[in-house]
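Asker: Below you will find the structure I want to go over with you.
In our numbering, the protein residues as written are 278 to 372.
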């Protein structure tokens with residue numbers, strides 16, 4: 278769960294649930310997909326074919342412009358024999 282600072286809560290009249298929801302909205306999903314894909318020597322087109330999406334979708338995911346569905350994230354993890362958490366995380370986890 279994201280940390281909610283006192284100032285953020287005050288913006289939402291100290292409503293704990295609203296504070297936590299809003300703070301989660303501020304977090305960004307980040308990934309290591311491009312790095313892992315390149316280490317394995319797989320191009321975007323081939324990876325897309327392996328998981329059933331287009332090259333463009335892989336590109337969007339790598340750039341952080343698109344969050345994959347759970348099924349796509351699980352498929353990517355399976356292709357690389359990794360856990361989803363090894364590929365994707367919240368921005369604060371990678372700082």
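Glycine included, every Cβ here is placed at the ideal spot set by N, Cα and C.
Quick caveat: nothing in here was measured; it's all calculated off a predicted structure.
Can the beta-carbon of residue 313 be found closer than 8 Å to that of residue 365?
Answerer: Not in contact: residue 313 and residue 365 (Cβ atoms no closer than 8 Å).
Asker: Where does residue 318 land, buried or exposed, given buried means 16+ other C-beta within 10 angstroms?
Answerer: The residue in question, residue 318, is exposed, as its Cβ has fewer than 16 Cβ neighbours within 10 Å.
Asker: With a threshold of 16 other CB atoms inside 10 Å of the CB of residue 367, please say whether the residue is buried or exposed.
Answerer: Exposed, since its Cβ has fewer than 16 Cβ neighbours within 10 Å.
Asker: In chain order, what residues of the same chain lie with their CB nearer than 7 Å to the CB of residue 332, ignoring the 5 residues before and after it?
Answerer: Cβ neighbours of residue 332 beyond the five flanking positions: 321, 322 and 325.
Asker: Which residue from 363, 359, 353 and 305 puts its Cα closest to that of residue 330?
Answerer: Considering only alpha carbons, the answer is 353.
Asker: Which of the three DSSP states is assigned to residue 325 in this structure?
Answerer: Correct three-state label for residue 325: helix.
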